[in-house]
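First comes the structure, then the notes that go with it.
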Amino acid sequence: MDFTRLSCFQCCPKRFQNRYVDNLAKIKEEVYEAPKKFGEAIHLALARHYQGHHPEEVSRTFLEAYPDVLDPNDLARTPVNGLFLLKQYQDYYALQDTQWQIKGIEIVDKVEIAPGVEWEVKLDLIVEIKDTGIWGVDHKTTAKPFNEQYWRQYEPNSQLSGYTYYLQQKYGQCSGMIINGIQVGYRKRAYKGEDAGFHWSFQRQIFNRTSRQLEDWKQ
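The numbering of the sequence shown is the numbering used here, which starts it at 1 and goes up by one.
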């Protein structure tokens with residue numbers, strides 16, 4: 001059991017059967033999957049980045065996962081913009097990330113939440129920050145602006161609760177989850193002083209869980 005499986009089942013039981021019971025896979029990607037594929041490529045590239053690989057290897061990883069434009073009408077999610085975005089990200093967080101001691105990258109593991117019931121986690125990053133302890137980091141790419149409505153979706157959120165519970169069991173404590181937000185978009189015309197063309201923004205937010213919230217999640 002994991003967050004993705006539960007979300008898939010809640011959305012469409014037939015899709016759940018196709019994917020997780022019958023193990024069917026699509027023959028080709030559809031245009032509407034561009035945001036998902038772009039986000040997956042950014043995830044893979046960031047994994048290389050935090051493993052300490054050279055920027056050229058980070059770029060190569062992204063291009064291998066996202067070599068072509070999937071949606072001709074999506075002017076934001078192009079291979080060229082993806083490479084530019086990764087360079088901006090590395091520069092933007094160069095100083096802040098020196099405070100992170102990497103404990104794990106792209107972790108896939110399980111934790112028992114009840115007798116005979118295991119919860120699977122797929123954590124993008126586990127870091128230790130001096131004086132504050134262990135944190136989980138989840139990369140999220142989006143076209144939505146970083147406003148109150150966007151961040152509200154993580155309170156509550158079973159994915160973050162599962163991650164927090166797992167980290168507490170593995171390390172004895174978890175200071176919280178960091179959502180590493182990466183927003184992309186494209187303006188056809190200049191707007192309110194902002195130039196036309198590809199635009200991006202980065203933002204990180206912290207989310208905590210109380211022991212009562214985790215117990216409710218388990219139930």
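Even glycine gets a Cβ: it sits at the ideal position worked out from N, Cα and C.
| query | Is the distance from the Cβ of Q90 to the Cβ of F146 below 7 Å? | reply | no
| said: I need the straight-line Cα distance from R5 to Y20, nearest angstrom please. | reply: 8 Å
| query | Do you know offhand how far D195's Cα is from R187's? | reply | 8 Å
| field | Boundaries of the beta strand (DSSP E) in which N180 is found, first to last residue | value | G176 to R187
| query | By Cβ distance, which residues of its chain are closer than 8 Å to P156, with the 5 residues on each side in sequence left out? | reply | Q213 and W217
| Who pairs with E56 in a beta bridge, going by DSSP? | BP columns for E56 are empty, so no partner.
| query | So A114 is in the beta strand (DSSP E); what residue range does that whole segment cover? | reply | W100 to A114
| So L214 is in the beta strand (DSSP E); what residue range does that whole segment cover? | Run containing L214: none in the beta strand (DSSP E); it sits in the alpha helix (DSSP H), S211 to K218.
| query | Shortest alpha-carbon distance to G104 belongs to which of Q51, A94 and K130? | reply | Q51
| said: I'd like to know whether the C-beta atoms of L85 and A45 end up nearer to each other than 7 Å. | reply: no
| request: Kindly list the residues whose CB is nearer than 6 Å to the CB of D71, restricted to its own chain and excluding five residues on each side of it in sequence; keep chain order. | output: V31 and A34
| request: Compute the Euclidean distance between the alpha carbons of Q223 and P13, then round it to the nearest angstrom. | output: Nothing about residue 223 can be read from this structure; the chain reaches only from 1 to 219.
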